[in-house]
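This report refers to the structure that appears directly beneath it.
Number of protein chains: 2
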Amino acid sequence: MTDVKNERMIETYVYMKQSFDDSVARLLNAAESLFGDKGFHPTSIRDITSSAKANLAAVNYHFGSKEGLLAAVLARHTDPINQERLRLLESFEAEAGGQPLSVERVLEAFLAPTARFLSASPSFMRFAGRMISEPDPKLRRILIERFEFVAHRFVAALRKSLPDVPEREIWLGFSFVIGAMVHSWTHRADLEMAAGQSAGHLDPNHAIDCLIAFAAAGFRAQAENGEAA
Amino acid sequence: MTDVKNERMIETYVYMKQSFDDSVARLLNAAESLFGDKGFHPTSIRDITSSAKANLAAVNYHFGSKEGLLAAVLARHTDPINQERLRLLESFEAEAGGQPLSVERVLEAFLAPTARFLSASPSFMRFAGRMISEPDPKLRRILIERFEFVAHRFVAALRKSLPDVPEREIWLGFSFVIGAMVHSWTHRADLEMAAGQSAGHLDPNHAIDCLIAFAAAGFRAQAENGEAA
DNA sequence: GTCTATAAACTGATAGAC
DNA sequence: GTCTATCAGTTTATAGAC
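First to last, the protein sequences are chains A and B. If you count by this note's numbering, then the first sequence holds residues 273 to 501, one letter each, in order. If you count by this note's numbering, then the second sequence holds residues 273 to 501, one letter each, in order.
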């Protein structure tokens with residue numbers, strides 16, 4: 273009874289069984305990790321598929337292209353983070369009921385949601401950091417379109433908290449915060465090494481608390497300069 | 273009289289005339305610009321030689337390899353910047369004569385030397401920024417070896433200015449400053465666009481002054497937190 | 001949905017003529 | 001020092017069998 277058709281069905285079953293492991297998810301995980309470690313361009317589709325134990329053709333089949341895979345890797349975590357940022361900001365604003373928020377609260381809404389992800393998927397945060405410093409305009413566009421709204425929303429919130437600081441200064445300070453945040457995502461290992469002799473383990477939550485305090489003081493100093501000028 | 277030998281001499285003269293333009297410098301300029309715009313990996317030797325109007329073999333002839341060219345591009349400007357940083361820091365320390373420097377002065381010694389280069393060779397600063405966020409360990413090593421000493425020197429100086437802040441916190445704050453600085457190098461165009469509606473032109477000197485004030489206030493806030501804890 | 005085989009183009013690097 | 005021609009290896013992407 274082992275005719276050709278039967279054999280094919282068995283083979284089909286084997287194929288399906290392999291797909292139970294969800295090769296799409298394996299590809300996303302492998303790509304996230306490799307993009308974070310080596311960067312987008314130096315990582316070949318071959319690197320990704322062999323690391324994911326998938327076939328070479330799988331990336332083009334599931335995502336259309338290497339760039340499609342990149343967009344998928346980004347979309348998987350980036351929207352939840354930004355949504356939580358906006359949710360936090362709105363809940364803080366609701367709490368305050370009309371009163372302007374402290375700079376710390378605004379920065380907390382922006383930075384705190386990254387803490388959980390830094391622990392849960394550090395490779396994604398490294399990947400996101402690489403994306404922010406990615407020169408290729410095509411790749412940058414993919415990222416910018418997702419962050420544009422959030423950036424404008426938070427700059428508007430900071431303006432309310434710091435009425436004495438001109439908008440140009442707010443943008444400048446906000447870009448300092450983004451730069452500091454991204455740098456700490458991508459170079460945490462280096463930092464641990466450099467400060468390691470005297471420091472011990474650097475907790476992500478502690479780093480974020482530090483950045484909030486650091487940047488809040490920075491913004492307030494801008495307010496004083498603005499009054500002085 | 274136009275024998276074979278004569279023809280060859282004429283050709284040799286033509287070759288020499290081309291080299292009067294200093295193709296090495298043209299290659300360095302082209303590579304600096306392309307590495308800054310597109311990044312190291314996506315830029316091919318063909319991109320560089322055709323932009324520099326040089327021959328495809330020229331890069332390997334003059335620099336041994338693509339990585340050799342990268343190291344040469346970096347070395348051309350990086351050492352002068354770091355030397356001026358150290359020179360400034362030492363002259364400030366000599367002025368103060370034993371008294372600890374203000375955080376502002378230390379940060380000024382670190383950041384001010386970049387201002388001139390930001391105006392004079394913006395493509396190099398973009399390139400340097402890309403190098404700092406470069407994941408490839410081989411390329412990172414080239415950079416880190418040049419900056420290791422300077423980083424430790426400035427952290428030591430900051431420690432003296434901020435005796436109440438533990439060394440781990442100094443390293444963290446210093447990494448915030450580096451991240452903010454690099455981000456402003458690489459994304460100045462984006463920032464100008466984002467803040468442009470309300471802001472007008474962003475002067476590099478003004479951005480650096482802002483970062484000095486911003487970060488100095490940040491470090492002082494760390495000192496207060498340290499005392500509170 | 002998986003897999004093999006292959007297309008078509010591109011890469012860094014080098015040998016040898018001039 | 002320049003240039004052509006080329007090597008050997010890689011890349012993304014696809015067509016077609018199962």
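Here a beta-carbon is modelled for each residue, glycine too, at the ideal position from N, C-alpha and C. Predicted model, so just to flag it, every value in this text is computed and none were measured.
Between the options, which has its C-alpha nearest residue i's C-alpha?
| i | options | result |
| --- | --- | --- |
| A:A384 | A:L430, A:A479 and A:R298 | A:A479 |
| B:Q371 | B:A429, B:K325 and B:T321 | B:A429 |
| A:L434 | A:F312, A:L379 and A:S391 | A:L379 |
| A:A461 | B:A452, B:K338, B:S405 and B:D462 | B:S405 |
| A:V427 | A:L411, A:F307, A:L415 and A:I450 | A:I450 |
| B:V345 | B:L373, B:L328 and B:F307 | B:F307 |
| A:S323 | A:S305, A:D436, A:M453 and A:L474 | A:S305 |
| B:D436 | B:L483, B:C482, B:L415 and B:V375 | B:V375 |
| B:A392 | B:A489, B:P476 and B:L415 | B:P476 |
| B:R431 | B:N332, B:D294, B:A366 and B:A488 | B:A488 |
| A:Q355 | A:P438, A:R425, A:F396 and A:A366 | A:R425 |
| B:W443 | A:I416, A:A423, A:C482 and A:E439 | A:C482 |
| B:I416 | A:L474, A:D309, A:L463 and A:L415 | A:L463 |
Assuming residue i is part of the alpha helix (DSSP H), what are its boundary residues?
| i | result |
| --- | --- |
| B:N332 | A330 to F335 |
| B:S295 | S295 to K310 |
| B:N354 | K338 to A368 |
| A:S447 | E439 to T458 |
| B:L430 | P409 to S433 |
| A:A326 | Here A:A326 belongs to no alpha helix (DSSP H), and DSSP marks it neither H nor E. |
| B:F386 | It should be pointed out that residue 386 of chain B corresponds to Thr in this sequence rather than to Phe. It spans V375 to A392 - the alpha helix (DSSP H) in which B:T386 sits, taken as one unbroken run. |
Between residue i and chain B, is there a C-beta pair that is closer than 7 Å?
| i | result |
| --- | --- |
| A:I484 | no |
| A:T386 | no |
| A:H313 | yes |
| A:F448 | yes |
| A:L379 | no |
| A:K310 | yes |
| A:N497 | yes |
| A:H455 | yes |
| A:A489 | yes |
| A:A452 | yes |
| A:L361 | no |
Taking only beta-carbon atoms, is residue i less than 7 Å away from chain A?
| i | result |
| --- | --- |
| B:F426 | no |
| B:L444 | yes |
| B:H349 | no |
| B:F419 | no |
| B:P476 | no |
| B:A493 | yes |
| B:S405 | yes |
| B:T458 | yes |
| B:L463 | yes |
For residue i, is the classification buried or exposed, using 16 other Cβ atoms within 10 angstroms of its Cβ as the cut-off for buried?
| i | result |
| --- | --- |
| B:F421 | exposed |
| A:G336 | exposed |
| A:G445 | buried |
| B:E441 | buried |
| A:F486 | buried |
| B:R492 | buried |
| A:E496 | exposed |
| B:H455 | buried |
| A:Q494 | buried |
| B:G311 | buried |
| A:S447 | buried |
| B:N301 | buried |
| A:E283 | Bear in mind that the predicted position of A:E283 carries a pLDDT of just 41, short of 50, making it too unreliable to give a figure here. |
| A:G369 | exposed |
| A:R377 | buried |
| B:R359 | exposed |
| B:L390 | buried |
| B:A400 | buried |
| B:L328 | exposed |
| B:S363 | exposed |
| A:H459 | buried |
| A:A452 | buried |
| A:A330 | buried |
Throw me the rounded Cβ distance for the residue i and residue j pair, which I believe falls under 8 Å.
| i | j | result |
| --- | --- | --- |
| B:D408 | A:P394 | No, B:D408 and A:P394 are not in contact; Cβ-Cβ is about 18 Å, not under 8 Å. |
| A:R413 | A:T350 | Contact doesn't hold; Cβ gap of about 14 Å is too wide. |
| A:F382 | A:R402 | Between A:R402 and A:F382 the Cβ distance is about 20 Å, and since that is not below 8 Å, they are no contact. |
| A:I320 | A:A303 | 5 Å |
| B:K338 | B:I353 | 24 Å between Cβ atoms; not a contact. |
| A:A326 | A:L361 | So it is not a contact: roughly 39 Å between Cβ atoms. |
| A:L411 | A:L341 | Not confirmed; about 12 Å, so no contact. |
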